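Notes to accompany the following structure.
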Ligand code: TRP
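Residue numbers (the numbering used here): 5 to 290.
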C-alpha cells in the first residue's frame, strides 16, 4: 500500500501560541507516525509583510527548536526551512502563471491584509501560488491546516488540476485536513478575532512558553459575558465557548458535555488553565 504523503507549513513570524499548537503542531506530532510527513518553516512567506531580517533568522531557528521540543522527530518526519529548497520559488513562478489575477484577488486573507494599500508587497498577492508550490512539489495528498487556510487549499487544487490538464499529469491533487477543534482558537480578550502572534496586545494570546502564572492570569482575565450559565454557543457566546473549545482541544472531550459540567466561569477557567499548564509543561522542559 502506498504511503500517504503529508505536508504542512508554519510561518516563523513571532512567538508560537496555543492556537498554533492546538490547531497545527499537535496534529503534526500525531501525523508523523501515520504518514510520510514533511513540515516546513515558511520563511519566504514571512517576508510578504513587514519584517526584520535579523528577527526572521532568529525566529526561524527558534521555531525549529520549538517544533523539536513539541515532539516532531527528524528520524520520523522531514523538517526543513522553505528557502533552503530553491525549487519552492521556482515552481511558485510556474504556478503564478497558472493561477489567475481574479483567483488571487478573491483570497480573503489577501483582502483582509490590505487589498487597497498601494504599498503592499506584490508577494503578499502571489502568496497562495507559493503555498501551492510548497504542497505540489512534494506530491502531498493531505495538508493539515487551520480553517483560515481552506481557501488557499481550494486554490491549490484548482491550480494543480489546471496545470495537469495543460502540461500533462504532473501533480497529485491534495486536500486539506482540518482538525475539528482547535483549528480556530480565538483571542481571549477579543473572541471575535482569531488568536494571533501579531495581535498588538498579548493579554488575549497564550504563548507556548508562558509560565504557569502567566497562563492562570491570562485565562482568568479572558472575557466571557454577563450571563450566569456556562453554555457552548460559539455564535452568541464566543468568549465562554472559546474557553470550552480550548479545554476540549486539549482533552478531546465534547464541548456540550463539558459545558454541562460547570455552573460557574471561575471553575471552568481553572480547568482550562490546569489543562494548558499540564499540556505545555513537557514541551517547556525540553
Ligand atoms: N499559509 C500558511 C499559514 O499561514 C502557511 C503555509 C505556507 C502552509 N505553505 C504551506 C501551510 C503549505 C500548509 C501547506 O498558516
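Using N, Cα and C, we set each Cβ at its ideal position, and we do this for glycine too. Just so you know, these numbers come straight off a predicted model, no measurement behind them.
Would you decide whether residue i is buried or exposed? Buried here means 16 or more other CB atoms lie within 10 Å of its CB.
{"i": "residue 195", "result": "buried"}
{"i": "residue 79", "result": "exposed"}
{"i": "residue 77", "result": "exposed"}
{"i": "residue 105", "result": "exposed"}
{"i": "residue 273", "result": "buried"}
{"i": "residue 96", "result": "buried"}
Starting from residue i, follow its DSSP beta bridges and name the residues at the other end.
{"i": "residue 190", "result": "198"}
{"i": "residue 40", "result": "9"}
{"i": "residue 21", "result": "211"}
{"i": "residue 84", "result": "44"}
{"i": "residue 14", "result": "45"}
Less than 7 Å between the CB of residue i and some heavy atom of ligand 1, yes or no?
{"i": "residue 11", "result": "yes"}
{"i": "residue 292", "result": "Lying before the first or after the last residue shown, residue 292 is absent from the chain, which here runs from 5 to 290."}
{"i": "residue 46", "result": "yes"}
{"i": "residue 116", "result": "no"}
{"i": "residue 153", "result": "yes"}
{"i": "residue 278", "result": "no"}
{"i": "residue 1", "result": "This structure cannot speak to residue 1, because the chain is shown only from 5 to 290."}
{"i": "residue 69", "result": "no"}
{"i": "residue 163", "result": "no"}
{"i": "residue 111", "result": "no"}
{"i": "residue 254", "result": "no"}
{"i": "residue 135", "result": "yes"}
{"i": "residue 149", "result": "yes"}
{"i": "residue 37", "result": "no"}
{"i": "residue 34", "result": "no"}
{"i": "residue 55", "result": "no"}
{"i": "residue 88", "result": "no"}
Between which two residues does the beta strand (DSSP E) carrying residue i extend?
{"i": "residue 175", "result": "Residue 175 -> no beta strand (DSSP E), and no H or E assigned at all."}
{"i": "residue 146", "result": "146-148"}
{"i": "residue 179", "result": "179-181"}
Between which two residues does the alpha helix (DSSP H) carrying residue i extend?
{"i": "residue 276", "result": "269-289"}
{"i": "residue 265", "result": "259-265"}
{"i": "residue 92", "result": "91-100"}
{"i": "residue 72", "result": "57-74"}
{"i": "residue 111", "result": "Per DSSP, residue 111 belongs to no alpha helix (DSSP H) and is neither H nor E."}
{"i": "residue 142", "result": "Taken as a continuous stretch (DSSP letters only), residue 142 belongs to no alpha helix (DSSP H), as it is neither H nor E."}
### Query
How about the stretch 65-76 and the stretch 103-112: do they share at least three Cβ pairs that are nearer than 8 Å?
no
### Query
Per the contact definition of three or more C-beta pairs closer than 8 Å, is the stretch 18-34 in contact with the stretch 240-257?
yes
### Message
Could you check whether the stretch 175-182 touches the stretch 127-135, counting it as contact only if at least three pairs of C-beta atoms, one from each stretch, sit closer than 8 Å?
### Response
no
### Query
If we count Cβ pairs, one from each stretch, closer than 8 Å, do we get three or more for the stretch 255-270 versus the stretch 210-218?
no
### Task
Pair every Cβ in the stretch 225-235 with every Cβ in the stretch 152-169, then say whether three or more of these pairs are closer than 8 Å.
no
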